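To start, the structure under review is shown below, and the notes come after it.
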Amino acid sequence: MDVELGLKIVEQILEKKHLSKVQEILLQQSLIGHSYTEIAKTSGYDAGYLKDAGSQLWRILSNVLGEKVSKNNLVAVLKRNSFRFARTESDRQFNSQFTSGINTTPTKYNSQLNPTSYSTPDSPVRAGFEQKSIDVSRESFDKTAPTNPDFQNLELEIDISLFYGRSTELALLKQWILGSRCRVVAIVGMGGIGKTALSAKLIAQIQDKCNYTIWRSLQSAPSLSELLSDIIQVLTQRHELYLPEKLSDRISLLLFYLRQQRCLLILDSWETILASNDRLGCCREGFEGYGELIERLGTEIHQSCLILTSRETPQEIVAYSGEKLAVRSLQLTGLQVTEINAIYQTINTFWGTPEEWRQLVDYYSGNPLSLKIVASAIQCLFDGNISQFLQCWRAEVFILDGIRDLLDSQFNRLSDLEAEVMYWLAIEREPVTVIELQDDLLSILSKQQLVNTLNSLCRRCLIDKNGGKFIQSPLITDYILEKFTQQIYQEISLEDREVFGDRLSLKNNCKGFST
Numbered sequence: 001m002d003v004e005l006g007l008k009i010v011e012q013i014l015e016k017k018h019l020s021k022v023q024e025i026l027l028q029q030s031l032i033g034h035s036y037t038e039i040a041k042t043s044g045y046d047a048g049y050l051k052d053a054g055s056q057l058w059r060i061l062s063n064v065l066g067e068k069v070s071k072n073n074l075v076a077v078l079k080r081n082s083f084r085f086a087r088t089e090s091d092r093q094f095n096s097q098f099t100s101g102i103n104t105t106p107t108k109y110n111s112q113l114n115p116t117s118y119s120t121p122d123s124p125v126r127a128g129f130e131q132k133s134i135d136v137s138r139e140s141f142d143k144t145a146p147t148n149p150d151f152q153n154l155e156l157e158i159d160i161s162l163f164y165g166r167s168t169e170l171a172l173l174k175q176w177i178l179g180s181r182c183r184v185v186a187i188v189g190m191g192g193i194g195k196t197a198l199s200a201k202l203i204a205q206i207q208d209k210c211n212y213t214i215w216r217s218l219q220s221a222p223s224l225s226e227l228l229s230d231i232i233q234v235l236t237q238r239h240e241l242y243l244p245e246k247l248s249d250r251i252s253l254l255l256f257y258l259r260q261q262r263c264l265l266i267l268d269s270w271e272t273i274l275a276s277n278d279r280l281g282c283c284r285e286g287f288e289g290y291g292e293l294i295e296r297l298g299t300e301i302h303q304s305c306l307i308l309t310s311r312e313t314p315q316e317i318v319a320y321s322g323e324k325l326a327v328r329s330l331q332l333t334g335l336q337v338t339e340i341n342a343i344y345q346t347i348n349t350f351w352g353t354p355e356e357w358r359q360l361v362d363y364y365s366g367n368p369l370s371l372k373i374v375a376s377a378i379q380c381l382f383d384g385n386i387s388q389f390l391q392c393w394r395a396e397v398f399i400l401d402g403i404r405d406l407l408d409s410q411f412n413r414l415s416d417l418e419a420e421v422m423y424w425l426a427i428e429r430e431p432v433t434v435i436e437l438q439d440d441l442l443s444i445l446s447k448q449q450l451v452n453t454l455n456s457l458c459r460r461c462l463i464d465k466n467g468g469k470f471i472q473s474p475l476i477t478d479y480i481l482e483k484f485t486q487q488i489y490q491e492i493s494l495e496d497r498e499v500f501g502d503r504l505s506l507k508n509n510c511k512g513f514s515t
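So in UniProt numbering the end of the sequence shown lands on 515, straight run, no missing numbers.
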């Protein structure tokens, strides 16, 4: 450990009490591994006197830290506890610039996960911001809310100049974060539904209530250790900071700073670090620490908010969220016809009757990305004529490649049981109950297994529930049936195929489905 850093940590542990000359010598020499005999030779002090002085110093440190400190474990103890006393001299100098009203320009941590790269932001930190001890009462929260953001560190800039709708969702999210002071908020929904755009719009409307706004995408699946290092470097605005090796200690250090400043932390594409198949909402192997991050940020008191976007609801959100709790979850649904119409008019000229617009939007469940992909095809093939597109589509249902890719990315994450339930929901076409589904399934499922599977599909945003019955959107139904004709007969045995075919024939007689 660096000797100067070690001395500063000890000074802060002792609450700025000045070390005596002999204590300072003992610390300096112990940090570089010298024995009492070696210290005596270089300092001129008697070895016995040094041992007595050292024993007294280690006892003082032990009492403050609540753990045994000795000459032999000094370095390890200081490293383990340094995150609790991370405000060293450079931090105090930085804070003094605020309280004295100096207009200073902080260093900005590079948006890439590289702890050695820094750049200067365009605008300086607001001068005169007064650092205060934390008061978590609502009154103090409102009184001390800054009128301008101190610092933004966004990995990417989302264009929200053509943002339409979502006024209800925005109002709810602002109430959760600013009114209810939620500590963790999850925005979940199908791919392309607009989670990222909504988060960006939200930031634009509330960032003036925060000291820091930090946006990070998890698309490249960074390790939590790497991500925490990146975020902490932003929050501390400094080049050198000892970071604990243990993830739990590193999360503690992050929480330390989230208590000092009001920070809006956005982690986009959370599903990237989640496991697929039957481990719904659980983190992938090697990424389990992300679950601890949600748990601790949701349950420990601080004045910041973590916003995460995901196609699937993380297990920790399910466990800790509630209408009156500090962890909340919002599931996004599609946009309305008028909002999609407005988006289309920014792309090009489109026309159709009100009923044709409704049919188009309903089929794609108001999914903005899917409908933008469709808009390109309508413009390219039918010169913007929605009626002609629908006529072609009715003649033979087709799914555009971009939309199929979007659905593939979610369907490929399903477990075998989830996939089987999705197939039968598609074959049914109508809303069905748990009992009706249980009669359909080839697998021998208990009602508990089926209920758990349906719950998983709801959390994946792939099915809807209404009045105790379950159904898919029209687009997903057609997508599943397309996959069915290509794959299902390859995945079941010849013996089962006969039974499956008999059941399917009976269903099709009523529902008009032909193989």
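Quick reminder that beta carbons are idealized off the backbone N, C-alpha and C, glycines included. Keep in mind it's a predicted model, so treat the numbers as computed, not measured.
**Q.** Proximity below 7 Å, CB of Ser310 to CB of Gly334
**A.** No; because the gap between Cβ atoms is not below 7 Å, this pair is not in contact.
Q. Could you give the C-beta distance for Cys283 and Cys182, rounded to a whole number, given that I count them as a contact under 8 Å?
A. Contact flag wrong, Cβ pair sits at about 22 Å.
Q. With burial defined as no fewer than 16 other Cβ atoms inside 10 Å of the residue's Cβ, what is the status of Arg92: buried or exposed?
A. Here the model assigns Arg92 a pLDDT of 45, short of 50, so the residue's position is not dependable, and the following value carries that caveat. Exposed, because fewer than 16 other Cβ atoms sit within 10 Å of the Cβ of Arg92.
**Q.** Asn367 versus Glu245 - alpha carbon distance
**A.** 43 Å
**Q.** Arg394 classed as buried or exposed, judged by whether at least 16 other C-beta atoms fall within 10 angstroms
**A.** exposed
**Q.** Test: Val374 CB closer than 7 Å to a CB of chain B
**A.** Here there is only one protein chain, and chain B is not present.
Q: For Gln331, write down the residues that DSSP places opposite it in a beta bridge.
A: Under the DSSP definition of a beta bridge, Gln331 partners with Val188.
Q: Tell me where the alpha helix (DSSP H) around Trp215 begins and ends.
A: Looking at the DSSP string, Trp215 is not in any alpha helix (DSSP H); the run it does join, the beta strand (DSSP E), is Tyr212 to Ser217.
Q: Would you kindly report the start and end of the unbroken beta strand (DSSP E) that includes Ser43?
A: That residue, Ser43, is in no beta strand (DSSP E); its alpha helix (DSSP H) goes Tyr36 to Ser43.
Q. How is the alpha helix (DSSP H) around Ser310 delimited, first residue to last?
A. No alpha helix (DSSP H) contains Ser310, which is instead part of the beta strand (DSSP E) from Cys305 to Ser310.
Q. Could you check where the beta strand (DSSP E) with Lys201 kicks off and where it finishes?
A. It is not in any beta strand (DSSP E) - Lys201 instead sits in the alpha helix (DSSP H) that spans Lys195 to Ile206.
Q | Residue nearest to Trp270 in terms of C-alpha spacing, selected from Ala40, Glu312, Gly6 and Ile177 | A | Nearest option by C-alpha distance: Glu312.
Q) Got a sec? Which residues, its chain only, sit under 7 Å from Thr453 by beta carbon, not counting five neighbours each side? A) Leu417, Glu418 and Val421
**Q.** Rounded Cβ spacing between Pro431 and Ile403 (contact assumed at less than 8 Å)
**A.** 24 Å between Cβ atoms; not a contact.
Q | Pairwise C-alpha distance: Glu436 and Ser446 | A | So the alpha carbons of these two residues sit roughly 13 Å apart.
Q | Helix, strand or coil at Val432 [DSSP, three-state] | A | strand
Q) Based on Cα-Cα distance, which residue from Thr353, Ile399 and Phe398 lies nearest to Ser387? A) Thr353
Q. Would you call the stretch 166-173 and the stretch 225-232 touching, i.e. three or more CB-CB distances under 8 Å?
A. no
**Q.** CA-to-CA distance, Met190 to Cys461, given in whole angstroms
**A.** 6 Å
Q. Closest to Leu325 by CA distance: which of Asp401, Gly179 and Tyr36 is it?
A. Gly179
Q.
Tell me which residues share the same chain as Trp351 and place their Cβ nearer than 7 Å to its Cβ, disregarding the 5 neighbours each side in the sequence.
A. Gly384, Asn385 and Ile386
Q: Answer yes or no: do Gln261 and Tyr212 have a C-beta to C-beta separation smaller than 7 Å?
A: yes
Q.
Using the Cβ count rule (16 or more neighbours within 10 Å means buried), how would you classify Leu162?
A. exposed
Q. So is Ala186 buried or exposed if we call it buried at 16+ other beta carbons inside 10 Å?
A. Label assigned to Ala186: buried.
Q. Once you ignore the five residues that flank Gln29 on each side, which residues in its own chain have a CB closer than 6 Å to its CB?
A. Ile39
Q: Can you tell me which of the three DSSP states Ile102 falls into?
A: A caution first: Ile102 carries a pLDDT of 28, below 50, which makes its placement in the model too unreliable to give a value.
Q: Tell me whether the beta-carbon of Lys465 lies closer than 7 Å to the beta-carbon of Thr433.
A: Result no, Cβ atoms of Lys465 and Thr433 do not sit closer than 7 Å.
Q.
Closest to Leu14 by C-alpha separation, out of Ala47, Ile32 and Ser62, would be which residue?
A. Ser62
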